[in-house]
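Numbering (our numbering), first residue to last: 247 to 467. Below: one structure, written as structure tokens.
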């Protein structure tokens, strides 16, 4: 899941060879489903982490404020870092994407214990310290989420030679994935699974995306 387009790699894209444009577009569209799945897991995390924060703060404005603000800040900072990496090392863009997705997945697996542990550690602390601790904790995965769009845009642009189409395609599928993730969690996963299991399933989706990206690198470079 990613937002700020201002951090996207906006250097002049290489012009695509007309003989390879169709093939490159097909390759780009085959990568797009990975970003759809990434969008699904991102919104699953947002909903589930908010539920976990409810246990620390109760259902009040603090819980909602933490999760919304940390996602916005993390996405923005991650997009800045991801955009810079994509500009400096465009040939490594898909590797950076795979690493980011793996990092999100591994954090996701550990997040229920980390969030609850943070709550227990700061149980006697002033509320602002609890808020700050959880905010900093969740800033890590949200920065990784924010980095994925500019990184993947850089890779797809190298294939497609069109920044606008690359951003449009990836942003579209990621947004659809996010909407699908909210619907799945709200109507199905919370009815079938406990919150920890829902988070683990989202984490496994990130790890799957990372492994598929690594497989793509080995096959296509």
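Backbone N, C-alpha and C fix where the C-beta goes; we use that ideal spot for every residue, glycine too.
- Taking a C-beta distance under 8 Å as the contact criterion, residue 427 and residue 288 qualify as a contact pair.
- Going by C-alpha positions, residue 464 is about 23 Å away from residue 391.
- Across the structure, residue 421 and residue 434 are spaced so that their CA atoms are roughly 19 Å apart.
- The segment 356-368 makes no contact with the segment 305-321, as fewer than three CB pairs between them are under 8 Å.
- Contiguous alpha helix (DSSP H) elements confined to the segment 268-350 occur at 307-334, taking only those with 4 or more residues.
- DSSP, reduced to helix, strand and coil, places residue 369 outside both helices and strands of the structure shown, so it counts as coil.
- Taking residue 286 as reference, the option from 460, 458, 449, 457 with the minimal CA-CA separation is 449.
- The beta carbon of residue 456 is closer than 6 Å to those of 344, 347, 348 in its chain, skipping five residues each way along the sequence.
- Collapsing the DSSP output to three states places residue 353 in a helix.
- Counting other Cβ atoms within 10 Å of its Cβ, residue 414 stays below 16 and is therefore classed as exposed.
- In the DSSP assignment, residue 455 falls within the alpha helix (DSSP H) that extends over 441-466.
- In chain order, 383 place their CB closer than 7 Å to the CB of residue 360, counting only its own chain and leaving out the 5 sequence neighbours on each side.
- C-alpha of residue 296 to C-alpha of residue 311: approximately 10 Å in a straight line.
- Contact annotation: residue 432 and residue 283 have beta-carbon atoms that are not nearer than 8 Å.
- With contacts defined as CB atoms closer than 8 Å, residue 419 and residue 281 qualify as a contacting pair.
- Residue 320 sits away from residue 416, with the two beta carbons spaced by 8 Å or more.
- Comparing C-alpha distances from residue 309 to each of 322, 292, 371 shows the shortest one belongs to 292.
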